[in-house]
Each structure stands twice: as structure tokens, then as C-alpha cells.
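Read through the structure below, which is laid out as C-alpha cells, and then see the notes.
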Amino acid sequence: MFTTLLKEVGRGKRGARDLTYEEALEAADWIMSRKATPAQMGAFFIAERIKMESVEELEAFVTVCRNSAYRAPIQEGLDCAGPYDGRVKTFFASFATAFLLASAGLPVTLHGAKSLPPKWGVTLLDMLAELGIGKSQLTRDRVVQAAKATGVLFVDTEEWCPPLGELRGIREELGMRTVLNTAEKLIDFSHSPYLVFGVFHNTVFDRMSKLLTDLKYRRALIVQGTEGSEDLFIERPTRTYIVEDGEARLHVIDPEQFGMEATLPEKTEWSAAEQVETVEAVLQGTAHIGYVNQVLLNAAVRLRLAERAESVEEALYQCKALLESGAAWERYAAWRSSLLGEGTPSPIGSVK
Numbered sequence: 006m007f008t009t010l011l012k013e014v015g016r017g018k019r020g021a022r023d024l025t026y027e028e029a030l031e032a033a034d035w036i037m038s039r040k041a042t043p044a045q046m047g048a049f050f051i052a053e054r055i056k057m058e059s060v061e062e063l064e065a066f067v068t069v070c071r072n073s074a075y076r077a078p079i080q081e082g083l084d085c086a087g088p089y090d091g092r093v094k095t096f097f098a099s100f101a102t103a104f105l106l107a108s109a110g111l112p113v114t115l116h117g118a119k120s121l122p123p124k125w126g127v128t129l130l131d132m133l134a135e136l137g138i139g140k141s142q143l144t145r146d147r148v149v150q151a152a153k154a155t156g157v158l159f160v161d162t163e164e165w166c167p168p169l170g171e172l173r174g175i176r177e178e179l180g181m182r183t184v185l186n187t188a189e190k191l192i193d194f195s196h197s198p199y200l201v202f203g204v205f206h207n208t209v210f211d212r213m214s215k216l217l218t219d220l221k222y223r224r225a226l227i228v229q230g231t232e233g234s235e236d237l238f239i240e241r242p243t244r245t246y247i248v249e250d251g252e253a254r255l256h257v258i259d260p261e262q263f264g265m266e267a268t269l270p271e272k273t274e275w276s277a278a279e280q281v282e283t284v285e286a287v288l289q290g291t292a293h294i295g296y297v298n299q300v301l302l303n304a305a306v307r308l309r310l311a312e313r314a315e316s317v318e319e320a321l322y323q324c325k326a327l328l329e330s331g332a333a334w335e336r337y338a339a340w341r342s343s344l345l346g347e348g349t350p351s352p353i354g355s356v357k
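What follows is the structure in C-alpha cells.
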């Protein structure tokens with residue numbers, strides 16, 4: 006019974022114990038299938054937050070989320086796993102970066118949902134709505150078609166994993182992060198061998214490194230990025246962990262090392278419209294140099310992570326050329342047109 010599992014994690018900070026992987030699978034199944042009551046689910050989420058989820062518990066929830074989702078090897082590339090509670094104070098560099106990477110031949114999967122607690126920031130869905138792209142344009146067939154043509158796949162997570170949508174109400178009522186905030190980012194809808202994963206606190210590096218090793222990504226980069234996202238800072242160094250072959254190592258990425266450091270304009274809050282405007286300005290080469298450099302650095306590091314360049318320096322050279330030539334903007338324009346139903350674009354370049 007679920008109450009037995011709940012008692013094990015709910016005995017307080019000193020008395021609670023971590024569930025075994027098998028027990029956590031059972032708990033996750035009770036929650037994802039909504040066999041547990043709302044009160045039981047809320048109690049479990051809070052107890053886990055107090056205790057802190059173990060690697061086995063996190064992996065179990067990822068497994069059940071994956072089993073509850075539509076997943077297909079649509080493209081072998083990079084999965085960008087940022088926070089689903091969005092951005093409030095910082096630029097959404099990953100969105101622009103995706104089209105630059107695709108123009109370099111690296112397919113990218115982006116995913117998200119409507120804003121969630123605790124941050125309630127601007128999400129990718131909010132940004133797509135600014136472009137006139139809503140749920141009716143984000144059908145599975147259409148987003149897969151756009152991905153095959155351009156190399157960028159966007160997944161509305163709650164559409165592809167319906168149980169998460171059905172649990173939204175209780176998550177909103179709790180108003181705090183739960184184990185699902187981690188699990189939903191690791192569903193890996195397109196079976197990507199490479200992952201870039203954002204975290205807020207460096208205290209989770211070790212746990213996340215073990216989890217990503219257990220999930221068998223070929224290479225992964227854990228980033229303590231802007232607002233807990235996978236985006237590297239451009240105005241200062243970023244702490245990251247590289248996870249590969251069962252090992253994890255700290256790697257501090259300093260933009261100054263690559264001559265990329267820049268001061269960003271002072272901005273306390275972003276709207277979805279401002280995010281889209283800046284993304285398009287970056288891809289057209291008219292944005293503030295700080296945002297351009299941030300996208301270039303993130304793209305170069307991710308190309309290197311995905312073994313598409315021998316060094317970050319080589320990748321930077323490649324990315325600058327693609328941005329200046331308009332290739333990244335072409336990807337974005339074709340992807341946007343495809344989702345808006347303005348004609349089916351022919352495949353662009355070589356995206357494998």
C-alpha cells in the first residue's frame with residue numbers, strides 16, 4: 006500500500022529513510038497513475054523534499070515518467086534540459102542556441118510545459134505563443150515534421166506525457182519544487198545520447214552525476230547556469246560537471262578564456278515578447294554583443310560535448326561563421342514556418 010511507503014519517507018528528517026529502487030518505482034506508479042489520493046501525493050512530495058530524494062528514487066520517477074510518455078528515436082542529438090518553471094531575470098539563450106547547433110549539423114531537442122512553481126517564469130510555450138504557435142500547431146506530427154526538416158524538435162511535455170498534465174493541479178497548489186521537477190527534465194523524448202542539464206545548487210552535482218551515469222547518456226554536462234538553467238553565464242565563470250564513462254569531473258567554463266566575456270544590459274524582468282525579440286535579434290546578428298556571445302559560447306560548448314568539434318575554440322569559429330552567414334536564422338525561420346503551417350520546408354543541410 007502507498008501509505009506504507011509514505012510512512013518510510015515521512016518520519017521526519019532523522020527518522021525517514023530512502024526508498025529502494027523497487028519501492029520508489031511502486032511509489033512513482035501510484036502517483037503517476039493517480040491511484041494515490043491528492044493528500045497522499047502532497048504528503049509524499051513534501052516528505053521527499055525534506056528528506057532529499059536519493060539517486061534511486063529519482064531514477065525510479067524518471068523510469069515511470071518515461072514509461073508514461075511517447076518517446077521515439079526521432080533524431081540522435083542533444084537534449085536540452087532546463088527548468089520548467091521558466092526564466093524571470095535572464096535571457097533564454099538555449100532557444101537561440103538550438104538553431105545555431107542545428108545549422109552546425111547537431112539535432113537538438115527542447116521540451117517544456119506551462120509555467121510551474123516555484124519560479125513561475127517565462128517558458129518556451131509562452132515564447133511560442135508570442136509567435137502564434139499554440140497547442141493546435143504543436144501536434145506530434147507537425148513538430149516531428151519540423152524536426153526532420155530543420156533539426157530542432159520541441160516537445161510539449163504534458164502532451165507527450167499526459168500524467169504530468171494530470172498532476173499539474175497538485176503541483177500548483179503545493180507551490181514548491183517536487184521530485185517531478187527533476188524527473189520531467191529527463192524523459193528524453195527523442196533518445197538523445199547527449200544531454201545538457203541545468204541545476205540551481207552545486208550541492209546536487211554528485212547526485213545528478215550518478216543519476217545521469219545510471220541513465221546511460223553517452224556524455225552529459227551538468228550546468229549551474231543562469232536561474233538554474235543549462236545556459237552558461239557570459240559575464241562570469243560557470244561551474245559545470247562533465248559526466249562520461251561512469252565518471253564525473255568538475256569543469257569551470259570561463260568566458261574570458263575564449264575572449265567572450267561581456268557585460269549584459271541591466272534587466273530585472275523579461276516578458277515572453279522580449280525573449281522572442283532578443284532571440285531573433287541574436288540570430289539576425291543585431292542583438293547586444295553580450296547576448297550574441299552567450300549564445301555562441303553555449304553553442305560551442307555543446308558542440309564539443311556532442312563530439313562535433315575537437316575543441317571549444319574550433320566550435321566557436323564554426324558557430325561564428327554560421328551565425329554571420331545567416332544559416333542559424335534560416336533554420337529558425339524554416340522551423341517557425343513549418344509549425345505555423347506556412348508550407349512544408351525541405352530538409353536543410355545535413356542534420357543527422
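The sequence shown begins at 6 in the working numbering and counts up one residue at a time. Even glycine gets a Cβ: it sits at the ideal position worked out from N, Cα and C.
Under the DSSP assignment, T102 falls in the alpha helix (DSSP H) whose first and last residues are A98 to S108.
When DSSP states are grouped into helix, strand and coil, A118 belongs to the coil group. As computed with DSSP, L255 is found in a beta bridge with Y246. Its chain contains A33, V184 and A188 as the residues whose beta carbon lies nearer than 6 Å to that of F66, once the 5 sequence neighbours on both sides are disregarded; these appear in chain order. In the three-state DSSP reduction, C324 falls in the helix class (H, G or I). It is roughly 23 Å from the alpha-carbon of E27 to the alpha-carbon of R182.
L269 sits in coil when the DSSP states are folded into three classes, being neither helix nor strand. In the three-state reduction of the DSSP assignment, F66 falls in the helix class. Where L11 is concerned, the enclosing alpha helix (DSSP H) starts and stops at F7 to V14. Contact between D90 and L121 is confirmed by a C-beta separation of about 5 Å, below the 8 Å threshold. Residue state for L226 is assigned as strand, using DSSP reduced to three classes. In this structure, the beta-carbon distance from V157 to F202 does not fall below 8 Å. When rounded, the separation of the alpha-carbon atoms in F49 and K221 is 28 Å. Counted as a single uninterrupted DSSP element, the stretch harbouring D236 is not any alpha helix (DSSP H), since DSSP gives it neither H nor E.
Closest by C-alpha distance to I192, out of L310, I175 and L217, is L217.
A21 and G15 have their C-alpha atoms some 6 Å from each other. About 17 Å separates the Cβ atoms of E249 and A86, ruling out a contact at the 8 Å cut-off. One Cα belongs to Q299, the other to L169, and the distance between them is close to 32 Å. For Y75, the three-state secondary structure derived from DSSP is coil.
E318 has its alpha-carbon roughly 46 Å from the corresponding atom of G174. Annotation for D259: P242 place their beta carbon closer than 6 Å to its own, counting only its chain and skipping 5 residues before and after. Note on geometry: alpha-carbon atoms of A253 and T25 lie some 24 Å from one another.
In this structure, the CA atom of V287 is about 9 Å from the CA atom of I294. The shortest C-alpha to C-alpha distance from F100 to any of F238, K40 and L115 is the one to L115. The C-alpha of Q45 is placed about 8 Å away from the C-alpha of L11. Put simply, the backbone Cα of C166 is about 32 Å away from that of L301. Inclusion of L226 and L310 in the CB contact set at 8 Å is warranted, their separation being smaller than that value.
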